[in-house]
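Participant: Have a look at this one before I ask anything.
Number of protein chains: 2
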Amino acid sequence: MTQQAIVLFAHGARDPEWALPARRIAAEVQQLRPAATVILAFLEFMEPTLVDAVEAAAASGATDVRVVPLFLAQGGHLKRDVPVLMEAVRTKHPECHIELALAVGEDEGVVRAMAAYSAGV
Amino acid sequence: MTQQAIVLFAHGARDPEWALPARRIAAEVQQLRPAATVILAFLEFMEPTLVDAVEAAAASGATDVRVVPLFLAQGGHLKRDVPVLMEAVRTKHPECHIELALAVGEDEGVVRAMAAYSAGV
Numbered sequence: 086m087t088q089q090a091i092v093l094f095a096h097g098a099r100d101p102e103w104a105l106p107a108r109r110i111a112a113e114v115q116q117l118r119p120a121a122t123v124i125l126a127f128l129e130f131m132e133p134t135l136v137d138a139v140e141a142a143a144a145s146g147a148t149d150v151r152v153v154p155l156f157l158a159q160g161g162h163l164k165r166d167v168p169v170l171m172e173a174v175r176t177k178h179p180e181c182h183i184e185l186a187l188a189v190g191e192d193e194g195v196v197r198a199m200a201a202y203s204a205g206v
Numbered sequence: 086m087t088q089q090a091i092v093l094f095a096h097g098a099r100d101p102e103w104a105l106p107a108r109r110i111a112a113e114v115q116q117l118r119p120a121a122t123v124i125l126a127f128l129e130f131m132e133p134t135l136v137d138a139v140e141a142a143a144a145s146g147a148t149d150v151r152v153v154p155l156f157l158a159q160g161g162h163l164k165r166d167v168p169v170l171m172e173a174v175r176t177k178h179p180e181c182h183i184e185l186a187l188a189v190g191e192d193e194g195v196v197r198a199m200a201a202y203s204a205g206v
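Note that the protein sequences, when read in sequence, are chains G and A.
141 is the number that this note's numbering gives to position 56 of the first sequence; each next residue is one higher, with no gaps.
175 is the number that this note's numbering gives to position 90 of the second sequence; each next residue is one higher, with no gaps.
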């Protein structure tokens, strides 16, 4: 049976409070997908790293890992840094199918929700 | 009559494509609020700046300006840099009511939409 892991990948910041919305998202994803391993990872300033998170997912028996960037858009980090990290973890875990999703900000439902909030409706 | 402006305030990036989701959000906000002036502004790398955007809103006759940070969370930029900018524009435009909203990522509807996308449901 496929065991799925969802790795939410956020930028990170020096201020610990910065991670609170990302932790709310992770908790909600876990509720939506109770059987999946859900891990929040960071590019910088916070831990675990993306590589550590995928390692932990593979160690927990996951054979299918969905990496979702909690970014507004595909910028330099996602275009340059993340493919290198993905290549590294794929090479190390050939038994895992590791998929990189588009950034959350590219999703139509997320765009609509951000627009509704911004419009104050 | 109150004339409202909505200034969407994003981080900005060197890659011009980075701004595409933010421009989609701005277009959707304009559809939701056809009578409002909707302006997309940036902290760095892209233009206009937040100050320029509020100036443009005031010049267009807006008396009520809602500044909405297109950020996942309140980090150092929003806690330190933005209040200074807000103070500057409020001093310069006492005729305007200028409100700073919480970051989009703090909104429950946005958290739910990000979670649904992340979970792949």
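Ideal Cβ positions, reconstructed from N, Cα and C, are used throughout, including at glycine.
With 7 Å as the threshold, decide whether the Cβ of residue 145 of chain A is near any Cβ in chain G.
Facilitator: No, residue 145 of chain A does not count as interfacial toward chain G.
Participant: Kindly say whether residue 204 of chain A, judged by its beta-carbon, lies nearer than 7 Å to any beta-carbon of chain G.
Facilitator: True, the Cβ-Cβ gap to chain G drops below 7 Å.
Participant: Is the beta carbon of residue 168 of chain G sitting closer than 7 Å to the one on residue 190 of chain A?
Facilitator: No.
Participant: Would you give the residue range spanned by the alpha helix (DSSP H) that residue 204 of chain G belongs to?
Facilitator: Its alpha helix (DSSP H) spans residues 193-204.
Participant: So, do the region 170-178 of chain A and the region 86-99 of chain G have three or more beta carbon pairs nearer to each other than 8 Å?
Facilitator: Result no; under three Cβ-Cβ pairs closer than 8 Å.
Participant: To which residues of the same chain is residue 184 of chain G closer than 8 Å at the C-beta, ignoring the five residues directly before and after it?
Facilitator: Counting only Cβ-Cβ distances below 8 Å, and skipping sequence neighbours, we find 149, 150, 151, 152.
Participant: With the cut-off set at 7 Å, would you say residue 158 of chain G and residue 186 of chain G are in Cβ contact?
Facilitator: Not in contact: residue 158 of chain G and residue 186 of chain G (Cβ atoms no closer than 7 Å).
Participant: Consider the C-beta atom of residue 94 of chain G and the heavy atoms of the ligand HEM; say whether any pair is separated by less than 6 Å.
Facilitator: As far as ligands go, the structure on display features none, and thus does not contain the ligand HEM.
Participant: Can you pull the chain A neighbours of residue 159 of chain G, defined as C-beta to C-beta under 9 Å?
Facilitator: Chain A residues near residue 159 of chain G: 100, 102, 103, 105, 106.
Participant: Taking its Cβ as the centre, do 16 or more other Cβ atoms sit within 10 Å of residue 209 of chain A, making it buried, or is it exposed?
Facilitator: For chain A, the structure presents residues 86 to 206; residue 209 of chain A sits outside this window and is missing.
Participant: For residue 142 of chain G, decide whether its Cβ has a neighbour in chain A, counting only Cβ atoms nearer than 7 Å.
Facilitator: Judged by the 7 Å Cβ criterion, residue 142 of chain G is not in contact with chain A.
Participant: Could you tell me the distance, in whole angstroms, from the CA atom of residue 94 of chain A to the CA atom of residue 178 of chain A?
Facilitator: Approximately 18 Å between the Cα atoms of the pair.
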